[in-house]
Each structure stands twice: as C-alpha cells, then as structure tokens.
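In the working numbering, the protein residues as written are 62 to 317. Where is the CB? At the ideal position from N, CA and C, for every residue including glycine.
Set out below in structure tokens:
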C-alpha cells in the first residue's frame with residue numbers, strides 16, 4: 062500500500078542524462094534539507110544537455126524519495142519518453158516548466174517552490190524590496206507573474222513567458238517563487254538568494270525603525286561584483302560541488 066517502484070537506470074542512459082539525473086536528484090534533496098519542500102508538490106526540472114528532453118519529479122513521491130533513477134523523462138510537450146516508467150507527472154507543474162523551458166533554451170534548470178515567506182512577499186503589491194544583499198542579487202534580474210489559479214490553463218503559457226523575459230528570478234503572485242539557471246546549481250543558488258531576501262523582508266515588516274534600502278546603483282552593479290568574488294564563475298558553479306558533497310553525506314541513496 063505504501064511501497065513504490067524502485068528503479069535502476071545506471072548504465073542504461075547516456076552519461077549526460079545520468080549526470081543530469083544525479084544533480085537534479087541532489088537538488089530535490091537540498092530542498093528537503095532547507096525545508097523548502099511542500100509535501101509532493103512543486104518541481105525542479107532540468108534539460109538533458111544537447112536535447113530538448115526534460116527530467117522532472119514523479120508525481121506522488123516526496124522530495125526525500127527522489128533519486129536519479131526515478132526522475133521522469135519527458136519531451137518539451139510533457140509526453141513521457143520511457144513508456145515503461147511507472148510514474149506520472151503533475152500536469153500543473155508541467156505547464157509552468159514547459160513554458161519557461163520553451164522560452165529559455167539556453168537555461169538548463171527551472172526551480173519552483175511554495176516557500177511561505179516567498180508567497181507572503183509575492184502577495185504584497187510592493188513585491189520584493191531592496192532590504193538586503195540577498196535582495197540586491199534578486200532585484201538585478203527580477204520579474205512577476207499574476208496568479209491565474211492552478212497552472213493547468215495552456216493559455217497562461219504565453220503570459221508566463223512574456224512576464225519572465227530574460228529574468229532569472231520570478232515571484233508568482235499569491236503562489237510562490239521561480240528561478241532559472243544555466244545549470245542546476247545556478248537555479249538553486251538563485252533560489253537560495255531569493256528565499257533569504259524574502260525571509261529578511263518578512264522579519265522587517267514589524268521593524269520599529271525605518272529600514273535602510275540598498276541603493277539602485279549598487280543593485281545595477283551587483284553582478285559584476287559577484288563575478289569578482291567568484292573568480293569568473295557563477296555563485297552556483299562555485300558553491301554547487303560543496304552542496305553535492307553535503308547531499309551525499311546526508312542522503313547517500315540520492316544518486317541511485
């Protein structure tokens with residue numbers, strides 16, 4: 062009654078696909094570690110290099126159950142490519158991920174969560190405010206999308222694509238957060254910055270003193286400053302190997 066199929070795709074898919082599966086499974090476990098999961102809901106999707114095929118979580122598994130082998134391989138239109146795969150995907154989740162992957166061919170990863178503080182900030186008319194260094198990173202590439210109910214209406218795809226544009230950060234009004242990344246590590250680091258920014262903003266809602274805001278000129282130059290700190294790499298590329306090692310220590314089964 063509570064069991065689910067245990068799959069083993071190691072040595073049965075291309076090396077590019079297998080490496081993508083391992084990193085994506087690690088990302089799901091990191092969401093659990095940070096308390097960003099939402100039962101079986103929300104999604105992280107990743108494009109297999111050199112293809113338009115995507116990997117996404119199986120609908121019905123918790124994020125701590127996600128492994129490299131049980132991620133579901135789909136085409137850009139949401140059709141399962143492995144007919145023997147026993148798992149299905151969440152159609153609402155796919156609407157969002159299909160939309161952004163079709164619009165952003167250069168990006169490998171899209172990460173969407175329902176973090177409480179992100180929803181709180183997204184539900185405020187002012188949106189994200191420049192209250193912290195974390196918010197400066199996000200505001201340098203921020204977008205918003207109005208809530209249209211559960212994401213099952215394909216007519217929403219064009220509006221979502223237009224709202225995202227070239228931004229790497231998006232607050233979905235009344236709903237949650239979305240980040241994009243050239244790599245899985247980049248998408249995770251973007252979400253880390255966005256969530257920290259939202260957490261700080263929510264804490265400051267009850268501040269008795271005026272909040273000092275980050276100057277617009279600093280926000281405009283923050284990417285160049287970060288490039289110096291990370292010696293030419295993105296924050297995700299710099300931090301991601303350490304995050305992978307952390308997942309391996311705490312969840313040694315993720316890469317199965």
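Listed in chain order, the alpha helix (DSSP H) runs fully inside the segment 84 to 161 amount to none, counting runs of at least 4 residues.
Per the coordinates, the alpha-carbon of residue 217 lies some 8 Å from the alpha-carbon of residue 209. Nearest neighbour of residue 275 by Cα position, chosen from 104, 192, 168, turns out to be 192. By the CB criterion at 7 Å, residue 312 and residue 90 fall inside the cutoff. Of 189, 224, 308, the smallest CA-CA separation from residue 258 is found for 189.
Distance check between residue 302 and each of 203, 238, 244 places 244 closest, using alpha-carbon atoms only. The residue from 115, 142, 241 with its alpha-carbon nearest to that of residue 174 is 241. For residue 189, the secondary structure class from DSSP, reduced to helix, strand or coil, is coil. By the beta-carbon neighbour count (other beta carbons within 10 angstroms, threshold 16), residue 314 is exposed.
Residues of the same chain with a CB within less than 7 Å of the CB of residue 203, apart from the 5 flanking positions on each side, are 189, 228, 230 in chain order. Under the three-state reduction of DSSP output, residue 80 falls in the helix class. One thing to note: residue 179 has its Cβ no nearer than 7 Å to the Cβ of residue 248. Taken through DSSP and simplified to helix, strand or coil, residue 315 comes out as coil.
For residue 93, the CB contacts under 7 Å within the same chain, skipping 5 residues up- and downstream, are 124, 125 in chain order.
Note on residue 283: 16 or more other CB atoms within 10 angstroms of its CB, so buried under the neighbour-count rule. Look at residue 246 here: in three-state DSSP terms it is helix.
With fewer than 16 other Cβ atoms inside 10 Å of its own Cβ, residue 264 counts as exposed. Contact between residue 233 and residue 206 holds: CB atoms are separated by about 5 Å, below the 8 Å threshold.
At a Cβ-Cβ threshold of 7 Å, residue 266 and residue 182 do not count as neighbours.
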